[in-house]
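Undergrad: Residue numbers (my numbering): 338 to 600.
The structure is given below, and queries will be raised subsequently.
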Amino acid sequence: MCALGLLYLTELVQIDDSFPGRLNTAFKFWFHAWAMLSVGGAALLALASERVLGRREARAGNLEGGWSVQRIGRTVGWAGLLVTVATMVTPPMAAVARSREGQGHGLSAIGYLERNDPGFFSALRWGRDELNPQEDIVAEAISESYDAGNRFSAFTGIPTLLGWPGHERQWHSDIREDARRAAIETLYTGDRPDQLDTVYDWGITHVVVGHPERAAYGVRVSQRFAGWPIVFSTPSLQVFQTPYTPDVFARLLYEDPVTGNAQ
């Protein structure tokens with residue numbers, strides 16, 4: 338009854354999210370309904386067979402055509418065993434395939450970076466040690482889900498303007514995606530006055546320039562931040578500190594915008 342209730346519920350209620358149509362509604366509810374129906378269906382099948390074939394014939398074990406309940410049960414059992422054995426092929430084959438991928442042992446999600454991109458790995462360690470998630474906001478190139486963008490923020494825990502947009506839309510009702518995309522675009526491609534406006538509007542404290550940023554905005558994108566302090570640098574990555582620092586922000590807050598004198 339619970340499984341049927343879930344199925345009927347999806348005909349009346351729809352999850353309002355970023356997925357098109359009823360995709361997420363059906364997936365989330367039908368997945369659980371299938372598990373309950375598969376368990377309950379097995380029990381109902383046994384009860385139905387006994388009622389249809391007849392209790393007396395079931396006990397006698399003799400049916401027309403030479404079939405019996407026991408024989409039907411054995412046939413179904415062997416078929417189920419065959420399916421089970423077929424599914425057991427996947428685990429050993431998957432283990433062999435994964436063992437050939439060259440992954441290191443352990444639970445570290447950034448272990449591969451230490452081997453394949455040591456410069457970025459060093460930047461992550463620096464970010465974890467030197468930046469504060471309560472105060473700092475980093476800017477990075479925006480990429481789609483499961484791409485290389487947003488790695489610095491994801492692995493250091495420092496907030497960024499926009500992570501993977503698809504996932505952001507799933508978990509937040511209003512992320513102001515267009516405004517955040519425009520801010521990142523202005524920061525990496527705009528003139529200095531527009532860059533500064535973006536920095537102060539969004540409270541950006543650091544800008545990352547690595548492989549994803551060069552791929553998105555050109556190999557000379559770091560020149561757009563000339564004059565800003567480079568607080569971390571490797572041959573493949575630089576982290577610039579923006580003018581949005583506590584002391585600069587406090588000075589701008591109490592400074593007359595025309596004369597520059599303290600108010």
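All C-beta atoms, glycine included, are put in the ideal place defined by N, C-alpha and C.
1. So what's Tyr591 in DSSP terms, helix, strand or just coil?
2. Which residue from Leu346, Pro502, Met338 and Thr571 puts its Cα closest to that of Leu461?
3. Can you tell me whether Ala563 is helix, strand or coil according to DSSP?
4. Does the count of Cβ pairs from the segment 541-553 and the segment 573-581 closer than 8 Å reach three?
5. Is Phe569 helix, strand or coil when you go by DSSP?
6. Just how far apart, CA to CA, sit Arg518 and Trp463?
7. What does the Cβ neighbour count give for Ala379, buried or exposed, with the cut at 16 atoms within 10 Å?
8. Measure from the C-beta of Arg437 to each C-beta in chain D and report whether the shortest distance is under 8 Å.
9. Nearest to Tyr554 by alpha carbon, out of Ala478, Ala516 and Pro429?
10. Do the CB positions of Leu499 and Glu514 come within less than 8 Å of each other?
11. Are the CB atoms of Tyr525 and Glu550 within a distance shorter than 8 Å?
12. Enumerate in chain order the residues of its own chain whose CB-to-CB distance from Gly547 is below 7 Å, with the five nearest sequence positions on each side excluded.
13. Taking Cβ to Cβ, would you say Gly344 is nearer than 8 Å to Ala370?
14. Where does Leu343 fall in DSSP's three states?
15. What span of residues does the beta strand (DSSP E) with Val426 cover, start to end?
16. What are the start and end residues of the alpha helix (DSSP H) that includes Leu444?
17. Which residue or residues does DSSP assign as beta-bridge partners of Leu574?
18. Can you pull the DSSP bridge partners for Ala476?
TA: Let's see:
1. Here residue 591 refers to the residue found at position 254 when the sequence shown is read from its first residue. The predicted position of Tyr591 is uncertain, since its pLDDT is 47 and thus under 50; no value can be drawn from it.
2. If you number the sequence shown from 1, residue 461 lands on position 124. Of the listed residues, the one whose Cα sits closest to Leu461 is Thr571.
3. Walking along the sequence shown from the start, residue 563 turns up at place 226. Correct three-state label for Ala563: coil.
4. yes
5. In the sequence shown, counting from the first residue as 1, residue 569 sits at position 232. Strand at Phe569.
6. One-based indexing of the sequence shown puts residue 518 at position 181. One-based indexing of the sequence shown puts residue 463 at position 126. C-alpha separation (whole angstroms): 26 Å.
7. Residue 379 sits at position 42 when you count from the first residue of the sequence shown. Exposed is the call here.
8. As a matter of chain content, chain D is missing from the structure shown, which is built from one protein chain.
9. Locating residue 554 in the sequence shown gives position 217, where the first residue counts as 1. Closest option to Tyr554, Cα to Cα, is Ala478.
10. The count along the sequence shown starts at 1 and reaches residue 499 at position 162. The count along the sequence shown starts at 1 and reaches residue 514 at position 177. Yes. Within cutoff.
11. On the sequence shown, residue 550 is found 213 positions in, with the first residue counted as 1. On the sequence shown, residue 525 is found 188 positions in, with the first residue counted as 1. Yes; because the gap between Cβ atoms is below 8 Å, this pair is in contact.
12. By 1-based counting over the sequence shown, the position of residue 547 is 210. Contacts found: Phe457, Ser573 and Leu574.
13. By one-based count along the sequence shown, residue 344 stands at place 7. By one-based count along the sequence shown, residue 370 stands at place 33. Here residue 344 is Leu; the residue named in the question, Gly, does not match the sequence. Their beta carbons are under 8 Å apart, which means Leu344 touches Ala370 by this criterion.
14. Within the sequence shown, numbered from 1, the residue matching residue 343 stands at position 6. Note: Leu343 maps to helix in three-state DSSP.
15. On the sequence shown, residue 426 is found 89 positions in, with the first residue counted as 1. That residue, Val426, is in no beta strand (DSSP E); it is neither H nor E in DSSP.
16. Taking the sequence shown and counting its residues from 1, one reaches residue 444 at position 107. Premise fails: Leu444 is in no alpha helix (DSSP H) and is neither H nor E.
17. As a first step, residue 574 must be located in the sequence shown, where it is residue number 237. For Leu574, which the question treats as bridged, DSSP gives the partners Thr571.
18. Against the sequence shown, residue 476 aligns to sequence position 139. According to DSSP, which records beta bridges pairwise, Ala476 is partnered with Val544.
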